[in-house]
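Mind the numbering: the sequence shown is residues -23 to -1, 1 to 445 in mature numbering (1 follows the signal peptide of the UniProt record, and there is no 0), read in order.
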Amino acid sequence: MTQQFAKWIFACGIIAGVTAWTAGCSPSPSSTDEAASTPQQFVIARGEPRDRLRQIFARYRGSSYYQDTSEVVLRVVPMADASTELFSGGRQEQRAPFRVRWTGKQLDVQAYSVSLRANSTLQSNQVELNAWFDEPETRHFDSQMLVDSWQQPENQRLDLDRVLADEVLRSKLSAGLAGPPPQLEWLFAGDPMSGIFEPTAELKWLPDANFAGQKMRRIAAETEGKSYVFWVDPTVSVIRRVELPLPLIEGLDARQSSLTLEFRRAEFAPPSDEEDSSRFDFQPPFTPQRVSRFVPVPPPPPSSILGRRLPNDAMRTLRSGGTTSEVVLFRLSQDEAVSATEPRWIAAAITQSRQSNLSRVRWVVATEDAGFRRELASAWSGAVTVLDANALDDVFGLLRLRPGSAAVIGSDQTVLLTERQINASTVSNVVAALVDDAAEVDVPEKILADYKQMIRAYETELAQALQQ
């Protein structure tokens, strides 16, 4: 699910792309001009909701200390129709944790796979940035650690645009369930969430409600057809929960589904004893390659079985009717939450292949879940062959397909492509392989040649980015 919302970013009061950081959300170059007020000056009295929300953001902007433990929560409830539920991934709940701490001179962020530290020294007005990715599947982004530094004007608030200047770093933060942690905007943007303060926006108080055992004041904001609800702790004027507009998903029951940011811990007062819970472990679990910029890491190498021919027995199992055609085989994940999302990508691949006039392709899906097989067979009505994964052990062994993977086999029984996951990237790669095969391109040879070129380009670029 996380991948489906990689382009959804919470910034400027709207869901937008990465450019939101530079489109009206950048920090003001001037020094902080709104000092933090005492808790009693905030939200205790209701007053005008627009003014109260501005005061709350001013408290973030003027704070010399802030820390939280937070998570974004996506709850997906499909419409009642069975086929709609199937393709929307079923009833799900996805969570992505993140933490932010600001001490007035040091910013620590742990969000999704990103660990980031920006430290400013008062003596030299120099900011030092270090960042790395906790990604075992990419060997922690090939052990790269971003190391950067720059001068900033005296008494200026940390420049968030400068902190997130690296394109890869910015995209990694944006690839999470709700994009970059919004409290970064609240803490450092000159005019945070400016969209909800436009004259056309409507803000109003909602009845108080409880969150984490405490009564919260709630402010609803609607702008450009999108609605937000801010849950505010009236005793310390800190935002504890935000209800966000839902992403557009076909078949979603908007009344029961939700996308929220939940701050289990959020405070402006530093702990008196610097408890361990407030500390950030920034030591990476690898020996870092220090780079001046992150260099995108190539994917794992193609499978060594590309170009091999499957035996006749295996092909008879997959084709079942004996028709000579290309075969696309999907082995669904054994993780129920993951396998529930995979049919959506399979359906997208089928749709794109038909748009490319690839009508002779045989689509095969295998799962161990008998109930799921019946649902799939009913929903796809013969367009896809649904098989018992337990009966395909020999085929999976030949193709080296683990649960949650895919393969494309040509009409001459040659293995054209294998994919380690079933996601948006898989859709593109499968369709591209089918199109190339239809054009009589040697697909395995092309994949291997492209990969070798990619490795050479990566090594060259990494050498240029490495710091001595």
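C-beta: ideal position from N, C-alpha, C; glycine also.
All figures in this text were calculated on a predicted structure; none of them were measured in a lab.
Helix, strand or coil at residue i [DSSP, three-state]
i, result
"Tyr89", "coil"
"Lys149", "helix"
"Ala73", "strand"
"Asp143", "coil"
"Ala231", "coil"
"Leu376", "helix"
"Val315", "helix"
"Tyr37", "helix"
"Asn96", "strand"
"Ser204", "strand"
"Met292", "helix"
"Thr80", "coil"
"Gln260", "coil"
"Ala189", "coil"
"Ser302", "coil"
"Pro184", "strand"
"Pro26", "helix"
"Pro211", "coil"
"Ser47", "strand"
"Ala347", "helix"
"Arg52", "strand"
Distance, residue j Cα to residue i Cα
i, j, result
"Asn107", "Val315", "33 Å"
"residue 472", "Tyr435", "For the chain, the structure presents residues -23 to 445; residue 472 sits outside this window and is missing."
"Tyr428", "Arg379", "22 Å"
"residue 493", "Asn96", "No information on residue 493 is available, as it lies outside the stretch -23 to 445 that the chain covers here."
"Asn367", "Ser310", "13 Å"
"Ala73", "Asp389", "44 Å"
"Asp413", "Val420", "6 Å"
"Glu131", "Val104", "11 Å"
"Asp168", "Phe174", "10 Å"
"Leu186", "Tyr205", "Note that residue 186 is Ala in the sequence shown here, rather than Leu. When rounded, the distance between both Cα atoms is 15 Å."
"Asp370", "Arg308", "11 Å"
"Thr328", "Glu70", "27 Å"
"Ile178", "Leu229", "First, the residue type needs correcting, since residue 178 is Ala and not Ile in the sequence shown. About 26 Å."
"Val219", "Arg194", "12 Å"
"Val49", "Arg337", "43 Å"
"Ala88", "Glu162", "14 Å"
"Val77", "Arg116", "25 Å"
"Leu223", "Pro288", "48 Å"
"Met122", "Arg147", "14 Å"
"Leu225", "Thr391", "39 Å"
"Trp182", "Ser330", "50 Å"
"Ala197", "Trp322", "35 Å"
"Ser40", "Leu164", "8 Å"
"Glu239", "Lys82", "26 Å"
"Pro4", "Leu84", "Note that Pro4 scores 38 on pLDDT, short of 50, meaning its location in the model is unreliable; the coordinates nonetheless yield the value given after this. If you take the alpha carbons of Pro4 and Leu84, they lie about 15 Å apart."
"Gln266", "Ser120", "6 Å"
"Glu201", "Leu180", "12 Å"
"Leu353", "Val363", "7 Å"
"Phe207", "Trp79", "21 Å"
"Ser171", "Phe34", "11 Å"
"Glu144", "Gln260", "23 Å"
Local Cβ density within 10 Å of residue i, reported as buried at 16 or more and exposed below that
i, result
"Thr318", "buried"
"Glu11", "For Glu11, the predicted structure reports a pLDDT of 36, less than 50, and the residue's modelled location is therefore unreliable. The matter cannot be settled from this model."
"Leu236", "buried"
"Gly156", "buried"
"Pro248", "exposed"
"residue 480", "Coverage of the chain is limited to positions -23 through 445, which leaves residue 480 absent and any answer about it impossible."
"Leu443", "exposed"
"Ile432", "exposed"
"Pro159", "buried"
"Gln44", "buried"
"Thr264", "exposed"
"Pro55", "buried"
"Glu114", "exposed"
"Ala410", "buried"
"Pro262", "exposed"
"Ala426", "exposed"
Start-to-end residues for the alpha helix (DSSP H) that takes in residue i
i, result
"Gln332", "319 to 332"
"Gln430", "420 to 442"
"Thr403", "401 to 415"
"Ala343", "Ala343 -> not in any alpha helix (DSSP H); beta strand (DSSP E) instead, spanning 339 to 344."
"Ser281", "Element bounds for Ser281: n/a, residue is neither H nor E."
Continuous beta strand (DSSP E) stretch holding residue i: start and end
i, result
"Ala384", "382 to 386"
"Arg217", "215 to 221"
"Ser126", "121 to 128"
"Glu396", "392 to 396"
"Leu164", "Premise fails: Leu164 lies in the alpha helix (DSSP H), 159 to 165, not in any beta strand (DSSP E)."
> Pairing CB atoms from the region 281 to 300 with CB atoms from the region 139 to 152, are three or more of them under 8 Å?
Replying inline: no
> Just checking, does the region 238 to 245 make contact with the region 213 to 220 on the three C-beta pairs under 8 Å criterion?
Replying inline: yes
> Do three or more CB pairs link the region 269 to 286 to the region 391 to 404 at distances below 8 Å?
Replying inline: yes
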